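>
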Amino acid sequence: MPNYKIDPELVILKPLKFKRYTNGRRFFANAVINFSMFFSRPKRGIKQRHFWIRGYQHLKVRVTVYELKNQKEKSPGLLYIHGGGFQMEGTPVHLRMLQHIILETGHKVVYVRYHLSPKHPFPTALYDCYHALQWMKEHADFLNLDANNISIAGDSAGGNLATGVALLSRDQQGPKIQKKMLLYPVIDVDQNTPSMQAYDDTPMWNSVLNKSMWELYLKNGDFGMLHYASPSYADVTGLPETYIETAQYDCLRDEGIDYARKLSLAGVKVHEYHTLHTVHGYDAVFFSKLIKKMMAQRIAFLKGEL
Numbered sequence: 034m035p036n037y038k039i040d041p042e043l044v045i046l047k048p049l050k051f052k053r054y055t056n057g058r059r060f061f062a063n064a065v066i067n068f069s070m071f072f073s074r075p076k077r078g079i080k081q082r083h084f085w086i087r088g089y090q091h092l093k094v095r096v097t098v099y100e101l102k103n104q105k106e107k108s109p110g111l112l113y114i115h116g117g118g119f120q121m122e123g124t125p126v127h128l129r130m131l132q133h134i135i136l137e138t139g140h141k142v143v144y145v146r147y148h149l150s151p152k153h154p155f156p157t158a159l160y161d162c163y164h165a166l167q168w169m170k171e172h173a174d175f176l177n178l179d180a181n182n183i184s185i186a187g188d189s190a191g192g193n194l195a196t197g198v199a200l201l202s203r204d205q206q207g208p209k210i211q212k213k214m215l216l217y218p219v220i221d222v223d224q225n226t227p228s229m230q231a232y233d234d235t236p237m238w239n240s241v242l243n244k245s246m247w248e249l250y251l252k253n254g255d256f257g258m259l260h261y262a263s264p265s266y267a268d269v270t271g272l273p274e275t276y277i278e279t280a281q282y283d284c285l286r287d288e289g290i291d292y293a294r295k296l297s298l299a300g301v302k303v304h305e306y307h308t309l310h311t312v313h314g315y316d317a318v319f320f321s322k323l324i325k326k327m328m329a330q331r332i333a334f335l336k337g338e339l
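Just so you know, the sequence shown maps onto residues 34 to 339 in the numbering used here.
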């Protein structure tokens with residue numbers, strides 16, 4: 034591996050380098066994640082509620098609502114979609130970040146456990162997440178959230194799904210999304226950017242894994258909906274105000290930067306932040322100075338203070 038100048042607080046991530054996910058490795062990793070999630074409990078002042086909702090083709094999807102305890106007034110909503118190459122479950126790292134957001138902004142977060150690839154390829158996860166957005170809107174009174182103030186966010190593959198949901202909701206006159214927050218998102222199926230060519234051995238994620246991810250996710254084709262799977266092909270006119278973070282040593286870096294430029298040219302307000310000396314998934318080191326800085330910016334964005 035080249036001598037990447039990674040932030041000293043992030044070097045702990047350097048050994049996490051793989052070139053392929055076998056079925057066994059994927060199964061074992063998800064089992065460990067699910068075990069750790071089972072024992073994860075909300076921070077003091079936050080409560081959680083679990084629901085089963087209708088997903089793609091009537092599959093059942095589990096969503097968890099995280100919210101402040103004893104919150105009486107209606108709060109803004111945030112649909113959060115975790116990353117993991119469309120094939121891995123969300124982790125306690127995601128929950129730690131979301132609970133910090135809740136405590137700082139008062140948002141009511143709906144966390145969706147969409148069906149995973151390769152067992153459930155495109156468009157299952159996309160429609161699972163879109164149904165979660167519709168469920169938020171339809172049950173706003175029950176959830177005590179402001180139906181006119183719902184935002185969406187996601188990291189990595191979750192950023193791809195968040196973007197696809199925003200496009201789908203725009204095209205189908207679905208729930209209006211106020212803000213869209215994307216952390217080192219997957220955007221482009223073509224995978225021909227300079228960063229994609231350069232970073233085939235980086236920690237956490239690389240272009241070899243990325244190629245395999247797309248092959249599994251689109252193994253049944255795109256059903257004429259490639260622009261929802263790969264937002265690089267989409268007309269982005271009319272999408273909500275968007276926040277995008279990219280990482281220096283990440284094969285996804287340039288497609289995130291290109292997408293920010295595309296949004297801006299379409300008249301969408303964009304807040305773009307390119308982090309230096311970072312690798313994909315740097316949120317895993319949650320207590321680093323970098324993450325504290327980026328969390329402050331994410332919170333400011335969601336509160337309308339950027």
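Virtual Cβ for every residue (Gly too), placed ideally from N, Cα, C.
Predicted, not measured: the structure shown is a model, and the values here were computed from it.
Would the stretch 311 to 327 count as touching the stretch 41 to 53 if we require 3 or more Cβ pairs under 8 Å?
In short, these stretches touch, since the Cβ pair count reaches three.
> Can you tell which of His172, Leu296, Glu278 and Tyr261 has its C-alpha closest to the C-alpha of valine 269?
Ranking His172, Leu296, Glu278 and Tyr261 by Cα distance to valine 269 puts Leu296 first.
> Thinking C-alpha only, which one of Asn36, Lys107, Pro156 and Trp238 is nearest glycine 257?
That would be Pro156, whose Cα lies nearest to the Cα of glycine 257.
> Considering only their Cβ atoms, is the gap separating alanine 186 from serine 216 smaller than 9 Å?
Residue identity differs from the one stated: residue 216 is leucine in this sequence, not serine. Yes; because the gap between Cβ atoms is below 9 Å, this pair is in contact.
> Pull the bridge partners of leucine 242 from the DSSP assignment, please.
Answer is none; leucine 242 lacks a bridge partner.
> If you drop the 5 nearest sequence neighbours on each side, which residues of the same chain put their C-beta closer than 7 Å to that of glycine 78?
Once the five neighbours on either side are set aside, the close Cβ partners of glycine 78 are Leu101, Lys102 and Leu136.
> Residue range of the alpha helix (DSSP H) that threonine 138 falls in?
Unbroken alpha helix (DSSP H) run through threonine 138: 125 to 138.
> With a threshold of 16 other CB atoms inside 10 Å of the CB of aspartate 161, please say whether the residue is buried or exposed.
Result: buried.
> Residues in the same chain with beta-carbon distance under 8 Å from serine 69, minus the five sequence neighbours each way, listed in chain order, please.
Here the set comprises Thr124 and Pro125.
> Taking the beta carbon of asparagine 243 as the centre, do at least 16 other beta carbons fall within 10 Å, making it buried, or is it exposed?
That one is buried.
> What are the uninterrupted segments assigned as beta strand (DSSP E) that are 3 or more residues long and contained completely in the stretch 213 to 296, given in chain order?
If we require 3 residues or more, the beta strand (DSSP E) runs fully inside the stretch 213 to 296 come out as 274 to 282.
> If we call anything under 9 Å between Cβ atoms a contact, is serine 189 one with aspartate 223?
No; because the gap between Cβ atoms is not below 9 Å, this pair is not in contact.
> Which residue comes first and which comes last in the beta strand (DSSP E) that contains leucine 309?
From DSSP, the beta strand (DSSP E) with leucine 309 extends over 303 to 312.
> For my contact list, arginine 146 and valine 94 are in at a C-beta cut-off of 8 Å; report their separation, rounded to the angstrom.
Contact flag correct, Cβ pair sits at about 7 Å.
> Could you name the residues that DSSP lists as bridge partners for phenylalanine 84?
Its beta-bridge partners are Val96.
> On a CA-only basis, which of Ile220, Asp291, Pro109 and Trp85 is nearest asparagine 181? Give me that one, please.
Ranking Ile220, Asp291, Pro109 and Trp85 by Cα distance to asparagine 181 puts Pro109 first.
> With a threshold of 16 other CB atoms inside 10 Å of the CB of alanine 267, please say whether the residue is buried or exposed.
Alanine 267 is buried by the Cβ-count criterion.
> Who are tyrosine 113's beta bridge partners in DSSP?
BP columns for tyrosine 113 point to Tyr144 and Ala186.
> What are the boundary residues of the alpha helix (DSSP H) that includes methionine 121?
Per DSSP, methionine 121 belongs to no alpha helix (DSSP H) and is neither H nor E.
> So which of Leu259, Gly192 and Glu305 has the shortest CA-CA distance to glycine 314?
Of the listed residues, the one whose Cα sits closest to glycine 314 is Gly192.
> Only counting the same chain, and skipping five residues up and downstream in sequence, which positions put a Cβ closer than 6 Å to that of serine 228?
Closer than 6 Å at the Cβ level, and outside the excluded window around serine 228, lie Cys284, Arg286 and Asp287.
> Using only the alpha-carbon positions, how far apart do alanine 5 and histidine 148 sit?
Any property of residue 5 remains undetermined from this structure, which presents the chain solely from 34 to 339.
> What's the C-alpha gap between tyrosine 250 and serine 150?
Their backbone Cα atoms lie some 6 Å apart in a straight line.
> Between the Cα of valine 303 and those of His310, Ile290, Leu201 and His133, spot the shortest distance and give me the residue it belongs to.
That would be Ile290, whose Cα lies nearest to the Cα of valine 303.
> Among Tyr306, Thr97, Ile183 and Thr311, which residue has its Cα nearest to the Cα of methionine 237?
Checking every option, the nearest Cα to that of methionine 237 belongs to Thr311.
> Threonine 80 to methionine 130, Cα distance in whole Å?
First, the amino acid is wrong: residue 80 is lysine here, not threonine. If I take the Cα positions, the gap works out to 15 Å.
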